[in-house]
Structures are given as C-alpha cells and as structure tokens.
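A.B. asks:
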Amino acid sequence: MSAYASQTGSSGGAGGGRTRTTKPPPVVQQYVEPPQVSVPDEKDLLKLYTLQNAESGLASDYTKRKNVIRLRLEGEQFLLQVRDVGGVIDWIEGIQAATNVALDLDERPMPKGPLFPRRRRRRRRVDGTAEPPRDPVESPSLRHQPTTS
C-alpha cells in the first residue's frame, strides 16, 4: 500500500476491503529571500574604481603568500588572496569577464585567444630525427592547380 492510500471497510464479504488512493498533500514551497548585498554609503567610500581597461592575472612572482591574484586598475595595483587554486581560477575568470563587458561595445578590443599556448606535435622521420613543420603554402595538395581546357 502506498503512503497515500487508505483502506475503507466494506459491508460485503470477508476481508473484502477496498483500497482508495488519495491525492498527496500539496507541496508548500517556502520563499527564501536572497542574501542582501550591503551597499556602502557614499560618505564611507574612499575611491570608486572601474574595471574598464583593468588587467588581472596570477601574481606568480609574489612569493610571500600562495593563491594571490594581481589586479591592476586605474594606475593602482591590488593583491587579492583566495583560499585555493579553484578559487584563483574562478576569481580571475570572473574579473576578466567583468573587464570584457565594462567597456562600450565600440571600444571593446577583440577577444584574446587561449591563455595557454597549444602544444605542437612534431612528426618523427624513419631515421628518428624530428621533421621540420610543414608550410601549408608549399604543400602540393594545397597549391592552386591551373585548370586546362
């Protein structure tokens, strides 16, 4: 018998009760208010910074602490320390995403390529030496072949 089934007695036959299912009780969803973000008063602010033309990245040359991010904006530099490497990646991605949308569309530079260089594989010759990279212009399959009529 399910959790929402109830058995009712019957007037006929031995042990001939009927099983009747009822609707489950309605699910009550409680509204949880999102956490409030505190906005400082204007009189408490020393300076307001914008992320336009900001530079951010891992401060690998800073050796006093681990997991430090360097943020350069408006001629000043800030060092931010986070808990772990995952936090470093999340913060850098977030800051760079915010920097990318901080400028007007007309002023935004083209997006940069991947942060890490791609590894290039070299083919090995039969004698064991590395084959020099191929120039696609000199490749016979990619050269334009004149058509004869």
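Position 137 of the sequence shown, counted from 1, bears residue number 137 in full-length UniProt numbering, the numbering being contiguous throughout.
Cβ atoms here follow ideal geometry from the backbone N, Cα and C, with glycine treated the same way.
Ignore the nearest five residues each way along the sequence and tell me which others in Leu-45's own chain have a CB closer than 6 Å to its CB.
C.D. replies: Contacts found: none.
A.B. asks: Could you tell me which residues DSSP puts in a beta bridge with Glu-55?
C.D. replies: DSSP lists Arg-72 as partners of Glu-55.
A.B. asks: Closest to Trp-91 by C-alpha separation, out of Pro-24, Asn-53, Pro-35, Leu-71, would be which residue?
C.D. replies: Considering only alpha carbons, the answer is Leu-71.
A.B. asks: Measuring only the C-alpha atoms, how far is Ser-60 from Glu-33?
C.D. replies: If I take the Cα positions, the gap works out to 40 Å.
A.B. asks: For Pro-109, tell me which candidate among Arg-65, Ala-54, Tyr-49 has the shortest Cα-Cα distance.
C.D. replies: Nearest of Arg-65, Ala-54, Tyr-49 to Pro-109, Cα basis: Ala-54.
A.B. asks: Do Ala-97 and Thr-50 come within 8 Å of each other at the CB atom, strictly closer than that value?
C.D. replies: No, they are not a contact pair.
A.B. asks: Using the Cα positions of Pro-26 and Pro-35, report the straight-line distance between them to the nearest angstrom.
C.D. replies: Cα to Cα, the separation comes out at about 27 Å.
A.B. asks: In the DSSP assignment, what are the bridge partners of Gln-81?
C.D. replies: According to DSSP, Gln-81 bridges with Val-68.
A.B. asks: Looking at C-alpha atoms only, which residue of Asp-104, Gly-86, Gln-77, Val-37 is the closest neighbour of Asn-67?
C.D. replies: Minimum Cα distance to Asn-67 is reached at Gly-86.
A.B. asks: Hey, would you say Thr-99 sits closer than 8 Å to Ser-38, going by beta carbons?
C.D. replies: In this structure, Ser-38 does not lie closer than 8 Å to Thr-99 by Cβ.
A.B. asks: Whole angstroms is fine: what's the gap from Thr-22's alpha carbon to Gln-29's?
C.D. replies: The alpha-carbon atoms of Thr-22 and Gln-29 are separated by roughly 21 Å.
A.B. asks: Based on Cα-Cα distance, which residue from Asp-84, Ile-89, Glu-93, Tyr-62 lies nearest to Phe-78?
C.D. replies: It is Tyr-62 whose Cα lies nearest to the Cα of Phe-78.
A.B. asks: If we ignore side chains and look at the alpha-carbon of each, how far apart do Gln-81 and Thr-129 end up?
C.D. replies: Rounded to the nearest angstrom, the two C-alpha atoms are 46 Å apart.
A.B. asks: Can you list, in chain order, the residues of its chain whose CB lies under 6 Å from that of Gln-52, leaving out five sequence neighbours each side?
C.D. replies: Result list for Gln-52: Ala-102, Leu-103, in chain order.
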